[in-house]
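> Mind looking over this structure? Questions follow.
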Amino acid sequence: MNKDSKIYIAGHRGLAGSAIMRELLRQGYTKLIGRTHAELDLEDAAATLQFFEQERPDVVFLAAAKVGGIHANNTFPVEFLMSNLLVESNVCRAAYATGVQRLLFLGSSCIYPRDCPQPIKEEYLLTGALEATNRPYALAKIAGIEMCWSYNRQYGTKWLAAMPTNLYGPGDNYDLSSSHVLPALIRKMHEAKIADAKEVVLWGSGTPKREFLYVDDLANALVFLVTLNDERYNELTHPEQSPVINVGAGNDLSIRELAETIAEVVGYKGQFIQDTSKPDGTMRKVLDVSKMSALGWRASTSLKDGIANTYQIFKDGLY
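Residue numbers (the working numbering): 47 to 365.
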């Protein structure tokens with residue numbers, strides 16, 4: 047990938063896609079392509095193919111997806127399954143038809159079995175049952191991985207599937223009905239601080255452990271992967287092996303500890319009440335990132351610094 051390569055970022059206004067766009071611009075790439083949902087519906091196969099035929103991108107970052115937290119996944123399983131399947135299949139079909147060699151599909155750590163060993167290695171995929179609360183979304187992402195691998199095997203493409211851990215940062219979703227846990231807690235803590243509330247209710251027991259990655263670190267990792275030299279990139283996308291690679295911070299903490307960290311950053315002094323009638327989800331989920339480490343990449347933003355940056359953007363109304 048050269049500085050003048052034509053690069054399409056599908057989902058360029060989303061949390062991950064906007065970070066990829068920022069990182070590419072920061073590194074001096076100039077021919078970046080983005081389309082809003084109003085401009086291009088990636089669930090429309092004909093429109094997607096027409097777009098690819100007109101633009102002819104050299105590289106594709108497939109970050110477009112329907113995403114949400116436990117509540118959203120439980121409420122709209124059909125949408126989470128169907129929307130993601132359509133977007134993946136349409137983009138992959140159009141990318142192959144127009145000769146895209148390097149495509150990076152963005153998955154999710156929820157693809158791994160609910161009770162697999164920790165930290166989670168790439169080879170644990172499809173070795174056990176999925177977490178029920180986000181199974182439709184996870185199955186769609188697994189299909190996306192298999193799609194990349196199938197194109198690599200059958201047609202000789204060089205498509206990679208990166209599995210990030212839980213993301214947060216600029217561009218996050220703070221709608222309490224659909225957001226993930228970290229932005230939801232930022233909003234809850236901020237509103238409780240403004241209202242001088244004595245307590246904040248946390249879903250579940252607070253004991254599940256999660257790993258979090260600042261989204262700008264993810265973007266740096268993805269550009270790092272796509273710009274690997276041919277020898278190293280071809281090893282990752284060899285048709286005889288799964289194209290999956292984990293991207294994470296490599297450490298985790300409990301939801302209760304996360305809430306305490308956010309409260310410290312926000313300046314909230316009240317108490318926490320655990321609503322144990324709400325689901326916990328998977329009890330622990332931390333990725334094995336040894337493959338990324340061996341390639342020479344590690345996350346650089348600490349959780350506290352990342353939360354502080356995110357909270358400042360939230361307060362400034364830039365989210």
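Note that the Cβ used here is the ideal one computed from N, Cα and C, for glycine as well.
To the nearest angstrom, how far is it from the Cα of Ala-267 to the Cα of Leu-176?
Position 221 of the sequence shown, counted from the first residue, corresponds to residue 267. Position 130 of the sequence shown, counted from the first residue, corresponds to residue 176. Ala-267 and Leu-176: Cα-Cα distance of roughly 26 angstroms.
> According to the Cβ coordinates, are Tyr-131 and Ser-288 closer than 8 angstroms?
Numbered from 1 along the sequence shown, position 85 holds the residue referred to as residue 131. Numbered from 1 along the sequence shown, position 242 holds the residue referred to as residue 288. Note on identity: in this sequence residue 131 is Leu, with Tyr being the wrong assignment. Not in contact: Leu-131 and Ser-288 (Cβ atoms no closer than 8 angstroms).
> What runs of the beta strand (DSSP E), each 3 residues or longer, lie entirely inside the stretch 132-199?
Counting whole runs of 3 or more residues, the stretch 132-199 contains the beta strand (DSSP E) stretches 148-152.
> Return the chain-ordered ranges of every alpha helix (DSSP H) run that is complete within the stretch 294-354 and spans a minimum of 4 residues.
If we require 4 residues or more, the alpha helix (DSSP H) runs fully inside the stretch 294-354 come out as 301-312 and 336-341.
> Just curious, the alpha helix (DSSP H) that Pro-229 is in, first and last residue?
Position 183 of the sequence shown, counted from the first residue, corresponds to residue 229. 227-241 is the extent of the alpha helix (DSSP H) around Pro-229.
> Is DSSP giving Pro-254 helix, strand or coil here?
As a first step, residue 254 is located in the sequence shown; it is residue number 208 there, counting from the start. Coil at Pro-254, not helix or strand.
> Let me check understanding here. Comparing Cα to Cα, which of Glu-89, Val-105 and Ala-93 lies closest to Lys-204?
Along the sequence shown, read from residue 1 onward, the residue named residue 204 stands at position 158. Comparing Cα positions, the closest option is Val-105.
> Residues in the same chain with beta-carbon distance under 8 angstroms from Gly-202, minus the five sequence neighbours each way, listed in chain order, please.
Your numbering for residue 202 matches position 156 in the sequence shown. Within the same chain, Gly-202 has close Cβ partners Pro-285.
> Could you check which residue in Gln-73, Gly-80, Asp-326 and Cys-138 has the C-alpha nearest to that of His-226?
As a working note, residue 226 is residue 180 in the sequence shown. Here the closest residue by C-alpha is Asp-326.
> What is the rounded straight-line gap between the Cα of Pro-165 and the Cα of Gln-100?
Along the sequence shown, one-based indexing puts residue 165 at 119. Along the sequence shown, one-based indexing puts residue 100 at 54. In a straight line, the C-alpha of Pro-165 is about 43 angstroms away from that of Gln-100.
> In angstroms, rounded to a whole number, what distance separates the CA positions of Gly-145 and Gln-96?
Here residue 145 corresponds to residue number 99 of the sequence shown, with the count starting at 1. Here residue 96 corresponds to residue number 50 of the sequence shown, with the count starting at 1. C-alpha separation (whole angstroms): 14 angstroms.
> Only counting the same chain, and skipping five residues up and downstream in sequence, which positions put a Cβ closer than 8 angstroms to that of Ser-223?
Locating residue 223 in the sequence shown gives position 177, counting from the first residue. Excluding positions up to five away in sequence, the list reads His-117 and Ala-118.
> Sorted by chain position, which residues of the same chain lie with C-beta nearer than 6 angstroms to Gly-294's C-beta, five sequence neighbours on each side aside?
One-based indexing of the sequence shown puts residue 294 at position 248. Excluding sequence neighbours, Gly-294 sits near Thr-211, Glu-257, Leu-259, Leu-333 and Val-335.
> Can you give me the C-alpha to C-alpha distance between Lys-180 and Ser-129, rounded to a whole angstrom?
The residue labelled residue 180 in the question sits at position 134 within the sequence shown. The residue labelled residue 129 in the question sits at position 83 within the sequence shown. Lys is not the amino acid found at residue 180; the sequence shown has Asn there. The alpha-carbon atoms of Asn-180 and Ser-129 are separated by roughly 14 angstroms.
> Among Gln-317, Arg-278 and Ala-93, which residue has its Cα nearest to the Cα of Ile-291?
Along the sequence shown, one-based indexing puts residue 291 at 245. Nearest option by C-alpha distance: Arg-278.
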